[in-house]
Amino acid sequence: DTGVSQDPRHKITKRGQNVTFRCDPISEHNRLYWYRQTLGQGPEFLTYFQNEAQLEKSRLLSDRFSAERPKGSFSTLEIQRTEQGDSAMYLCAVTGAANTGELFFGEGSRLTVL
Amino acid sequence: AQKVTQAQTEISVVEKEDVTLDCVYETRDTTYYLFWYKQPPSGELVFLIRRNSFDEQNEISGRYSWNFQKSTSSFNFTITASQVVDSAVYFCALSEGGYQKVTFGTGTKLQVIP
Numbered sequence: 008d009t010g011v012s013q014d015p016r017h018k019i020t021k022r023g024q025n026v027t028f029r030c031d032p033i034s035e036h037n038r039l040y041w042y043r044q045t046l047g048q049g050p051e052f053l054t055y056f057q058n059e060a061q062l063e064k065s066r067l068l069s070d071r072f073s074a075e076r077p078k079g080s081f082s083t084l085e086i087q088r089t090e091q092g093d094s095a096m097y098l099c100a101v102t103g104a105a106n107t108g109e110l111f112f113g114e115g116s117r118l119t120v121l
Numbered sequence: 013a014q015k016v017t018q019a020q021t022e023i024s025v026v027e028k029e030d031v032t033l034d035c036v037y038e039t040r041d042t043t044y045y046l047f048w049y050k051q052p053p054s055g056e057l058v059f060l061i062r063r064n065s066f067d068e069q070n071e072i073s074g075r076y077s078w079n080f081q082k083s084t085s086s087f088n089f090t091i092t093a094s095q096v097v098d099s100a101v102y103f104c105a106l107s108e109g110g111y112q113k114v115t116f117g118t119g120t121k122l123q124v125i126p
């Protein structure tokens, strides 16, 4: 158990709908990351937070994507007007207590856009 | 820009054989960190090891060993006496100084046949 809970685990939606994923670390972690993983590929960096501040966003993150971490604990990732190309596993990760770089991932939220 | 290359897409070995997973990285920083992660069929990414660029000592943990060579920009992972439970996708990853964005390779799928 990595201590990172993601919800929902699987979301099926129709193209054009909005979806929101939530990430809940069990304990406090300064840094929280969102990654996207498609079949046969490694995780791709989307964005990360240091406490409440969103410090970096990948160019992969189009205007349809927005992420928040309002109180520096849980985070949400919203995708507006979903497209079939958004189908992927969305992974949330936190750094360890010592903040030495290793990431601890949740089980992911799988998005299927029909 | 940082980059990680895992040239081996899939490897199959018979149980008890040794296997080495290759990882080659590119970075312009002198301070960087290298990681290996395991993604079993259940899907959750699991952190295995972290090395920093100043420590080229090889590391052994049970049946796992890692060979870090700056001269060839490689960070290879060897599993000795492989077991069926080692079957998974293994990812090599890199972050430049500051533990910010972690870049993953495309992964090597290891299948250990009983």
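As you go down the protein sequences, you meet chains A and B in turn.
Residue numbers for the first sequence follow our numbering, beginning at 8 and rising by one.
Residue numbers for the second sequence follow our numbering, beginning at 13 and rising by one.
Just so you know, even glycine gets a beta-carbon here, dropped at the ideal spot from N, CA and C.
Being a predicted model, the structure only gives us computed values, none of them experimental.
Neighbours of ARG62/B in chain A, taken as residues at a C-beta separation under 8 Å, are given in chain order as THR107, GLY108 and GLU109. Within the model, the alpha-carbon separation for GLN123/B versus GLU51/A is close to 24 Å. Here TYR44/B is not near SER83/B, since their CB atoms are 9 Å or more apart. Each of SER69/A, GLU85/A, GLY103/A and VAL26/A was checked against the Cα of PRO32/A, and the nearest Cα belongs to GLY103/A.
Closest in C-alpha terms to ALA19/B, from the list VAL36/B, PHE59/B, ILE91/B and THR115/B, comes VAL36/B. For LYS113/B, the nearest beta carbon of chain A is closer than 9 Å to its own beta carbon. CA-CA distance, GLY117/B to GLY23/A, rounds to 31 Å. Closest in C-alpha terms to GLN61/A, from the list ALA95/A, LEU67/A, THR83/A and ARG76/A, comes ARG76/A.
With a threshold of 9 Å between beta carbons, GLY74/B makes no contact with chain A. Going by DSSP, ASP31/A is part of the beta strand (DSSP E) stretching over 26-32. ALA100/A is not a Cβ neighbour of LEU46/A, given a cutoff of 9 Å.
The straight-line gap separating the alpha-carbon atoms of VAL114/B and SER69/A is approximately 20 Å. In the DSSP assignment, PHE112/A falls within the unbroken beta strand (DSSP E) covering 110-112. Distance check between LYS50/B and each of SER34/A, ARG43/A and GLY49/A places GLY49/A closest, using alpha-carbon atoms only. Contact between TYR42/A and LEU98/A holds: CB atoms are separated by about 4 Å, below the 8 Å threshold.
DSSP links GLU51/A through a beta bridge to ARG43/A. Using a Cβ-Cβ cut-off of 9 Å, GLU51/A counts as an interface residue toward chain B, since at least one Cβ of chain B sits closer than that to its own.
In this model, PHE28/A and GLY10/A are separated by some 17 Å (Cα to Cα). Under the DSSP definition of a beta bridge, ASN37/A lacks any partner. Annotated three-state conformation of GLN57/A is strand, per DSSP.
For a cut-off of 8 Å, the C-beta gap from PHE89/B to PHE111/A is around 19 Å, too long to register as a contact.
Using a Cβ-Cβ cut-off of 8 Å, GLN61/A is close to nothing in chain B; its nearest Cβ partner there is about 12 Å away.
Here THR83/A carries a strand assignment [DSSP, helix/strand/coil].
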